[in-house]
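Residue numbers (UniProt numbering), protein chains in the order written: chain A, 1 to 262; chain B, 1 to 478. Using N, Cα and C, we set each Cβ at its ideal position, and we do this for glycine too. These figures come from a predicted structure and were not determined experimentally. All remarks here apply to the structure that follows.
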């Protein structure tokens, strides 16, 4: 069984700690994970902006890099969903039937991280300990495009010491939408402001999600608002919570759950 | 000449202005959240809701696949029932037809039942140019007309107005167009409704010609179906001598049994009601009962263009319930006018480019007026996959033969893609990002990314990428 980590380009460059946490967690669960260094990007930016030729080229690259693995684990719902949702259409658009076949062949082996944990490894309690107040934002992709359902909540509820609080209006988009946030910054910013307000209202120290892209968006707002309010809510990929054990102790600088204040 | 959306700015510009309008934001948020809640409660009452959606989508797809024969059946049945059918290729033809039909009656003031199609083709202005005053009788449409405003929602065209603004419009404008608002009118909703009732009653009783749209057109009997909440439609459809119904060619349903499916979906999904207060159906002319002259104007105006689009044609299933607007987080922040069309929200973002072609900057900006969150997909009663169509339209703008191009974006994505495909180049780029991290401005990113940092801090770029860590530590084992 050869298992590869597709860390995603965003995590590679901006959130390497999520990639390291994925490696830590998978090792703890007995999975020897490989990191093929030729990997780059899933092509979501190209796809969502309408560039199918570019998407098809990155699909070809993905298939070349990961074709030899039995399982590909992706710590992102939106990037992890790209092979299933976009690659075949992009390959057809590029007139490449060979790529269409290769895509159909690889798609069943590509797993978003929480699905890999609950459905492939069959675990919910991963032995994690995280004594802080946490709220969880279901990103649009993990909520609607490739629904994860209760999986992330089940994983979080099984974490020792955690104070998991519900995020109001959680099913509403944070306003990121990739290039949407660049093409329509005013609307995106207005959506994000409401999301950040709901997050702060929970009194959580940490906002968790399965997509660092959305967390980067909300985190940017939380940092800006927090700098003014004197208390910043941190954003963490879900895997960073699952990777921590009692031996790691509490996260330095974060209030303990019992002390978490509203 | 009333206001129109002609020359409207592209979505990002219009939307940015709207997000800063606090009153508009409050009005739209209050209204959409209210309708959302009512809809959710009533949809939950129906255990067969998903089956109804499946049936509705399948029925509409059948209609669209055989539209030519269904339309001929409509023409045959309407003609047999004593009506006259007219065909209009575009807005100009439709407006000329209706104007000529009204002129033939010699009437100068006519009444209208709310119809988004007549808004789409600009019928009121065309009639006005011919010296004919067409008065809206739907409450929200009347508010928009009296205020020389534009519709911002397909079900509730005055959704962007609150009751204080409506009172002000009534007091200022009603007297100029007929019976003035009662003295001492407050913004109490029953008082506002009574003022509208008194003002409009005069119009109903005087008018000899009425213009309507239609929610559905039943092919087997040539029956026009109008669904409404206020009874103004029933008044227009029964009191006038001449009735002119202006209907988009996609409104056909084959049989009355098929209509049953849509009538179960429409009111619950649109306004959160178990059924519509008024559902009026009429087939041709009945001697001694209702309008004695009936004209049906069938309008294309881009619908066959949309029909030719293999992915986009599903937009023609739309029954104009407005649920996609009510649920849309973008619409909630911008209101409807930002979309520059009588069809705003997610359906507007796909329907306008499909009808008109994405060939001007305003229309071409609409497929990007979405974060692709997909909430609209979930509430659509005819299962339009909005996100699929948005992506297809973006593809047409980015790589198709649409007249609007984004050369800088295309070049940038091509360059990024070329780097990402080549491991050595990508390795170098990731390393460079870490090195450049400290050089990234802390407060505002340059160029097109500047808007991003207006409301967010710049993310910090870690010095060591994941791949560098993996290499240095041999996958965390050293």
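| message | Could you check whether residue 392 of chain B and residue 316 of chain B sit closer than 8 Å to each other, using their CB atoms as the reference points? | response | Residue 316 of chain B places its beta carbon 8 Å or farther from that of residue 392 of chain B.
| Cβ of residue 350 of chain B within 8 Å of Cβ of residue 382 of chain B? | no
| said: Which of the three DSSP states is assigned to residue 236 of chain A in this structure? | reply: strand
| field | One or two residues paired with residue 133 of chain A in a DSSP bridge | value | A/163
| said: Restricting to Cα atoms, I'd like to know which of A/16, A/48, A/25, A/39 is closest to residue 372 of chain B. | reply: A/48
| said: If contact is defined by three or more beta carbon pairs under 8 Å, each pair taking one atom from either stretch, is the segment 230-249 of chain A in contact with the segment 319-330 of chain B? | reply: Put simply, the segment 319-330 of chain B does not touch the segment 230-249 of chain A. Fewer than three CB pairs are less than 8 Å apart.
| Residues of chain A with CB under 8 Å from residue 465 of chain B, in chain order? | 12, 13, 16
| message | residue 118 of chain A and residue 210 of chain A - do their beta-carbons sit closer together than 8 Å? | response | no
| message | List, in chain order, every chain B residue whose beta-carbon is nearer than 7 Å to that of residue 172 of chain A. | response | 329
| query | Hey, residue 455 of chain B and residue 10 of chain B: beta-carbon distance below 8 Å or not? | reply | No, Cβ-Cβ distance for residue 455 of chain B and residue 10 of chain B is not below 8 Å.
| field | DSSP three-state assignment for residue 262 of chain A, whether helix, strand or coil | value | Residue confidence for residue 262 of chain A is low, a pLDDT of 41 falling below 50, so the modelled location carries little weight; the figure read from the coordinates is stated next. Coil at residue 262 of chain A, not helix or strand.
| field | the segment 160-174 of chain B contacting the segment 53-72 of chain B, beta-carbon criterion three pairs below 8 Å | value | no
| Nearest-angstrom Cβ-Cβ length linking residue 103 of chain A and residue 5 of chain A, presumed shorter than 8 Å | Not quite, the Cβ-Cβ distance comes to about 20 Å (not below 8 Å), so this is no contact.
| Can you tell me where the beta strand (DSSP E) with residue 278 of chain B in it begins and where it stops? | From DSSP, the beta strand (DSSP E) with residue 278 of chain B extends over 278-282.
| If you drop the 5 nearest sequence neighbours on each side, which residues of the same chain put their C-beta closer than 8 Å to that of residue 262 of chain A? | Its pLDDT being 41, under 50, residue 262 of chain A is placed unreliably by the model, and the measurement read from it follows with that caveat. Only residues of its own chain outside the window of five on either side were considered, and among them 203 have a CB closer than 8 Å to the CB of residue 262 of chain A, listed in chain order.
| field | Alpha-carbon to alpha-carbon, residue 402 of chain B and residue 305 of chain B | value | 14 Å
| query | Do the CB positions of residue 10 of chain A and residue 461 of chain B come within less than 8 Å of each other? | reply | no
| query | Is there contact here, the segment 277-288 of chain B with the segment 227-241 of chain B, by at least three beta-carbon pairs under 8 Å? | reply | yes
| query | Are residue 184 of chain A and residue 369 of chain B close, meaning C-beta to C-beta below 8 Å? | reply | yes
| From residue 105 of chain A to residue 380 of chain B, what distance separates their C-alpha atoms? | Their backbone Cα atoms lie some 32 Å apart in a straight line.
| query | Fully enclosed by the segment 12-79 of chain A, which beta strand (DSSP E) runs are 3 residues long or longer? | reply | Secondary structure in the segment 12-79 of chain A: the beta strand (DSSP E) runs of 3 residues or longer, each lying completely within the stretch, are 71-74 in chain order.
| said: For a contact defined as C-beta to C-beta under 8 Å, what are the partners of residue 191 of chain A on chain B? | reply: 329, 330, 333, 371
| query | Taking 8 Å as the CB-CB cut-off, is residue 325 of chain B touching chain A? | reply | no
| message | For residue 444 of chain B, tell me which candidate among A/258, A/220, A/253, A/252 has the shortest Cα-Cα distance. | response | A/220
| task | Indicate whether residue 413 of chain B and residue 182 of chain A have their beta-carbon atoms separated by less than 8 Å. | result | no
| Under the rule that 16 or more other beta-carbon atoms within 10 Å means buried, what is residue 119 of chain B, buried or exposed? | buried
| field | Residues sharing a beta bridge with residue 245 of chain B, DSSP | value | B/212, B/296
| field | Selection from B/431, B/327, B/474 that minimises the alpha carbon distance to residue 171 of chain A | value | Closest by alpha carbon: B/327.
| Quick one: what's got a C-beta closer than 6 Å to residue 114 of chain B's C-beta in the same chain, skipping five residues either side? | 138, 141
| request: Please report the residue range of the beta strand (DSSP E) in which residue 87 of chain B lies. | output: 84-88
| message | I'd like to check one pair, residue 37 of chain A with residue 467 of chain B: are the Cβ atoms closer than 8 Å? | response | yes
| task | State the DSSP-derived secondary structure class of residue 4 of chain B, mapped to helix, strand or coil. | result | coil
| request: Evaluate contact between the segment 81-95 of chain A and the segment 55-71 of chain A, counting only Cβ atoms and requiring at least three cross-stretch pairs below 8 Å. | output: yes
| query | Are residue 297 of chain B and residue 246 of chain B closer than 8 Å when you measure CB to CB? | reply | yes
| Residues that residue 112 of chain B bridges to, as DSSP identifies them | B/136, B/211
| request: Could you work out which residue in A/157, A/243, A/63, A/256 is closest to residue 41 of chain A when comparing CA atoms only? | output: A/63
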